[in-house]
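Below: the structure, in structure tokens.
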Amino acid sequence: MAGTVAEDLEIIDAGRGGGTGTPAGGDDDSGSSGPLHPVPKRAYFTALQLGLAAIVMFFMALASSYIVRRGLGLDWQRTPLPPVLWFNTVVLLTSSVTIVVARKKLEGGEREAFRSWWWVTTGLGLLFLAGQIIAWRQLAAAGMLLSTNPSSSFFYLLTAAHGAHLAGGIFSLFYVTFRNWKRSRISQATAAELTSIYWHFMDGLWIFLLVLLTLGR
Amino acid sequence: MVTHENGGGHGHHQAPTGFIRKYVFSIDHKVIGIQYLCLALFSVFVGMALSALMRLHLGWPNAHWSIFKGGLMTPEQYLALMTMHGTIMVFMVLTTAPQSGFGNYFLPIQIGAADMAFPVLNMLSFWTTMVSLLVMIAAFFVAGGAPIGGWTSYPPLSALGEMAGPGQGAGETLWIIGLAIFCGASLMGALNFITTLIDLRVKGMTLGRLPLTCWTWFVTAILGLLAFGVLLAACILLLLDRIAGTSFFIPGGLVITDQVITWHKGGSPLLWQHLFWFFGHPEVYIAILPGMGVASHLLSTFSRKPVFGYRAMVGAICGIGFLGFCVWGHHMFISGMSPYSAFAFSILTMTIGVPSAIKTFNWLGTLWGGKITFNCAMLFALGFVSLFVSGGLSGLFLAQPALDLYLHDGYFVVAHFHLIMGVAAIFGMFAGLYFWFPKMFGRFLNEGIGKLHFWLTFIGVYAIFMPMHFLGLAGHPRRYFDTTAVDFLQKLQPVHVFISIAAFITIGAQLIFLFNFFYSLFAGKECKEENPWHATTLEWSIPSPPPFDNFAGVEPVVYHGPYEFSVPGAADDYIPQHLAPNLVKKA
Chain B
1 MAGTVAEDLE IIDAGRGGGT GTPAGGDDDS GSSGPLHPVP KRAYFTALQL
51 GLAAIVMFFM ALASSYIVRR GLGLDWQRTP LPPVLWFNTV VLLTSSVTIV
101 VARKKLEGGE REAFRSWWWV TTGLGLLFLA GQIIAWRQLA AAGMLLSTNP
151 SSSFFYLLTA AHGAHLAGGI FSLFYVTFRN WKRSRISQAT AAELTSIYWH
201 FMDGLWIFLL VLLTLGR
Chain G
1 MVTHENGGGH GHHQAPTGFI RKYVFSIDHK VIGIQYLCLA LFSVFVGMAL
51 SALMRLHLGW PNAHWSIFKG GLMTPEQYLA LMTMHGTIMV FMVLTTAPQS
101 GFGNYFLPIQ IGAADMAFPV LNMLSFWTTM VSLLVMIAAF FVAGGAPIGG
151 WTSYPPLSAL GEMAGPGQGA GETLWIIGLA IFCGASLMGA LNFITTLIDL
201 RVKGMTLGRL PLTCWTWFVT AILGLLAFGV LLAACILLLL DRIAGTSFFI
251 PGGLVITDQV ITWHKGGSPL LWQHLFWFFG HPEVYIAILP GMGVASHLLS
301 TFSRKPVFGY RAMVGAICGI GFLGFCVWGH HMFISGMSPY SAFAFSILTM
351 TIGVPSAIKT FNWLGTLWGG KITFNCAMLF ALGFVSLFVS GGLSGLFLAQ
401 PALDLYLHDG YFVVAHFHLI MGVAAIFGMF AGLYFWFPKM FGRFLNEGIG
451 KLHFWLTFIG VYAIFMPMHF LGLAGHPRRY FDTTAVDFLQ KLQPVHVFIS
501 IAAFITIGAQ LIFLFNFFYS LFAGKECKEE NPWHATTLEW SIPSPPPFDN
551 FAGVEPVVYH GPYEFSVPGA ADDYIPQHLA PNLVKKA
């Protein structure tokens, strides 16, 4: 499998950069990737890992601010977590399962089934976001607004930041569905694999944030 | 197994023909590199103009100048100039030119790639940077003018809006938004650089054969990737404090311009300092590391000797990068931190002296016994070493909490960081420009004018910043608009006059450079050969300027290390990296 850290290291060590092999396929369809030169498939996985590292740093900065601010504040009040969050969590975890099923179908050549499962994942992703907005509304109805208390400030901020990143994942899900892959540098299967890694990561990130918000509120 | 899917359009990597696709929204890393350099060139002259106005005031605080309303500069104007000078220089010049400018142009070529891994993302990084520059510049033109909180924008005053000063209203908001956009742009750039270096190296280009320039761009990109996300988070928190009424950084009980702040409480301004400097210290290395790479590269090329201790140099680059993340607390010694923490930060900071000394020692070792050519590129590389040492040594003073207590927020600090982070990095860029200009534009920069530029600048920057150390030692605080009312500072006024005159001469020298740049671009001596400097790395194996796809579809293979100069038994005093072993002429 391409894209593992171990393989990257092996490649780094061996000094085999990209472009060492002739592009596979040799499809001479003119303009198949426009003016873009070919790059090895693993570059996409490297980039994804780096992107995730940057996202980790961003959320670690917010999480450490959360911990520090909580430790300081005599003004810290408990923010009740809206129960809908548990439903949302189940939805998101389920979507991680459905995306795995979708990819298995694609590997098995069942394109129709892949499309259906991929749509299910996309739907669950949208449902999660809708659920998060409901959570906000419930919290706001309970009188906890963004500026009410540092605890609620962080609740809105962390969920919004995660939601924005998850929205990027949903964009990616749509992209895999609607992109014309004949004109791309990578195949749909690779794009689906990249998207699923990102999706699982968003899933894990949500669990981390939920634990943080539960323990810290 | 390396796989390229969908055929990848091999052989169809053609240059775009339209003006817009070729020069504006270009995906060619070389054009994007030049775009970044142009952005930095514009910004450096804006930043310099702002500093000229500050020096005008500091040299002659009571003189009337018709450029100011009523003849005199106001304190707010001074603070706005200072804030924007720092911001534009740090972000739009020192972060963009050495890394995004030269790195974009030469990293892919030096590793044998046809372009960056993600050309469209590359284009997007540049245009996002441009948007952030425009947003920041817009701060000058909104009500209240540019922000006055300094480039570090410490809360609570940066978080409270207009009540903290005229520029702290809309201007400060634009500043924060501009910076947040810049973070996004830098993250995209860093991701592209690292991926390109890891996955697009040509056959034979092992890590041990990477030019040191590539090593520094690589480590700088890693620093950017890990640091800018943290600054982005900090910017969002600060923005929310300003516009959404949160209290992340604003403590309770503040009294600002006779007004008691009751709507904020419990926040911590120190939290901002931690987040900011966790980014801010690596940022210093983001600015200086590429200069180190260029200096190493040029000292070796123009001494006709291999880099002394290549592996130690790589280790030092990585060491400096790593330690850069462990020392942010030394910016906060006077914040009331525990002496034990201060001790730890102090020791870690002084530890950076070790890789720095390794580098300096190896630069001198590279020069030792070499056949040195003193052209402009080499002079600037030597100037870099000189400034790096001069600016670095004062860092060892400041790293000690006991001394920093006295020197903090004074001119000693200003002198220190301008020498090491500002001027040294700029010398690295000049060195790179004089060296690579013929490759980029097919013409040489004029050497005669260049030498005049070098000597005026070299003497000029020392004349500006050396006296500042003494101002600092005498107790002169930085960022003050007017110190003439203070007895002991009044006696230092002639030093300010001297510094201002030196600054104007140095700025004048940059106009000489600007003339040289445009003159040489159109009428400079033509560079007809691929390798005028008899250098070894891959960019010198292709035409000047390089074609759209760099190697014209023929991938080079690398057989040699990056600095094989004066190899015993070889006829020529250099062996290009791509030269097959059987083609190396024997003496």
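As given, the protein sequences belong to chains B and G, one line each in that order.
Quick note on numbering: my numbering labels position 189 of the first sequence as 189, and the sequence is numbered without any gaps.
Quick note on numbering: my numbering labels position 118 of the second sequence as 118, and the sequence is numbered without any gaps.
The beta carbon of each residue, even a glycine, is placed where N, CA and C say it ideally should be.
Straight-line spacing of the CA atoms in isoleucine 243 of chain G and tryptophan 263 of chain G works out to 13 Å. Proximity of leucine 106 of chain B to chain G, defined by a Cβ-Cβ separation below 7 Å, is not satisfied. For the set B/Arg137, B/Val97 and B/Thr195, the Cα lying nearest the Cα of proline 80 of chain B is the one of B/Arg137.
For lysine 586 of chain G, the three-state secondary structure derived from DSSP is strand.
Bridge pairing for valine 90 of chain G: absent [DSSP]. At the C-beta level, phenylalanine 128 of chain B and leucine 92 of chain B come within 7 Å of one another.
Around the Cβ of phenylalanine 522 of chain G, a 10 Å sphere holds fewer than 16 other Cβ atoms; the residue is exposed.
For glutamate 447 of chain G, the enclosing alpha helix (DSSP H) begins and ends at 447-473.
Counting only runs of 4+ residues, the alpha helix (DSSP H) found wholly inside the region 385-445 of chain G occupies 401-407, 411-417 and 424-441, in chain order. Taking a cut-off of 8 Å on C-beta distances, the region 279-297 of chain G touches the region 323-332 of chain G, as three or more cross pairs fall below it. Less than 7 Å divides the Cβ of phenylalanine 279 of chain G from the Cβ of alanine 227 of chain G. The CB of threonine 195 of chain G comes closer than 8 Å to the CB of Ala43, Thr46, Ala47 and Leu50 in chain B, given here in chain order. For the pair tryptophan 277 of chain G and glycine 365 of chain G, the Cα-to-Cα distance works out to about 34 Å. Runs of the alpha helix (DSSP H) lying entirely within the region 38-115 of chain G and spanning at least 4 residues, in chain order: 75-87 and 104-110.
Using a Cβ-Cβ distance cut-off of 8 Å, the region 49-60 of chain G and the region 110-125 of chain G are not in contact, since fewer than three pairs of beta carbons, one from each stretch, lie closer than that value.
With the criterion set as a beta carbon lying under 7 Å from some beta carbon of chain B, the members of the region 175-206 of chain G are Leu187, Leu191, Ile194, Thr195, Ile198, Asp199, Leu200, Arg201, Val202, Lys203, Gly204, Met205 and Thr206, in sequence order.
CA-CA distance, methionine 332 of chain G to tyrosine 340 of chain G, rounds to 13 Å. Counting of Cβ neighbours within 10 angstroms places isoleucine 288 of chain G among the buried residues, the total reaching 16 or more. Annotation: Cβ neighbours of histidine 37 of chain B in chain G (cutoff 7 Å, chain order): His13, Ala114, Asp115 and Asp549. Per the DSSP secondary-structure output, alanine 570 of chain G pairs in a beta bridge with G/Lys586. For the pair glycine 369 of chain G and serine 303 of chain G, the Cα-to-Cα distance works out to about 8 Å. Only Ser65, Val68, Arg69, Leu72, Gly73, Leu74 and Asp75 from the region 65-94 of chain B bring a Cβ to less than 7 Å from some Cβ of chain G.
Secondary structure at proline 166 of chain G: helix, using DSSP grouped into helix, strand and coil. Of the other Cβ atoms in all chains shown, 16 or more fall within 10 Å of the Cβ of alanine 503 of chain G; this residue is therefore buried. For phenylalanine 171 of chain B, no chain G residue has a Cβ inside 9 Å of its Cβ, as the nearest lies near 15 Å away. Between serine 187 of chain B and arginine 103 of chain B, the beta carbon gap of about 13 Å keeps them out of contact (Cβ cut-off 8 Å).
In the structure shown, glutamate 526 of chain G adopts extended strand secondary structure according to DSSP, grouped into three states. Judged by DSSP secondary structure, asparagine 531 of chain G falls outside any alpha helix (DSSP H); it is assigned neither H nor E. In the structure shown, proline 477 of chain G adopts extended strand secondary structure according to DSSP, grouped into three states. Note on proline 156 of chain G: 16 or more other CB atoms within 10 angstroms of its CB, so buried under the neighbour-count rule.
Under the Cβ distance rule, phenylalanine 58 of chain B counts among the residues neighbouring chain G, one pair being separated by less than 7 Å. By the neighbour-count definition (other C-beta atoms within 10 Å, threshold 16), phenylalanine 513 of chain G is a buried residue. With fewer than 16 other CB atoms across the displayed protein chains lying within 10 angstroms of its CB, tryptophan 65 of chain G is exposed. For threonine 177 of chain B against tyrosine 44 of chain B, the beta-carbon gap comes to about 18 Å, at or over 8 Å, which does not count as contact. The alpha-carbon of valine 84 of chain B is positioned some 24 Å away from that of tryptophan 118 of chain B. At a cut-off of 7 Å between C-beta atoms, alanine 167 of chain B does not count as an interface residue with respect to chain G.
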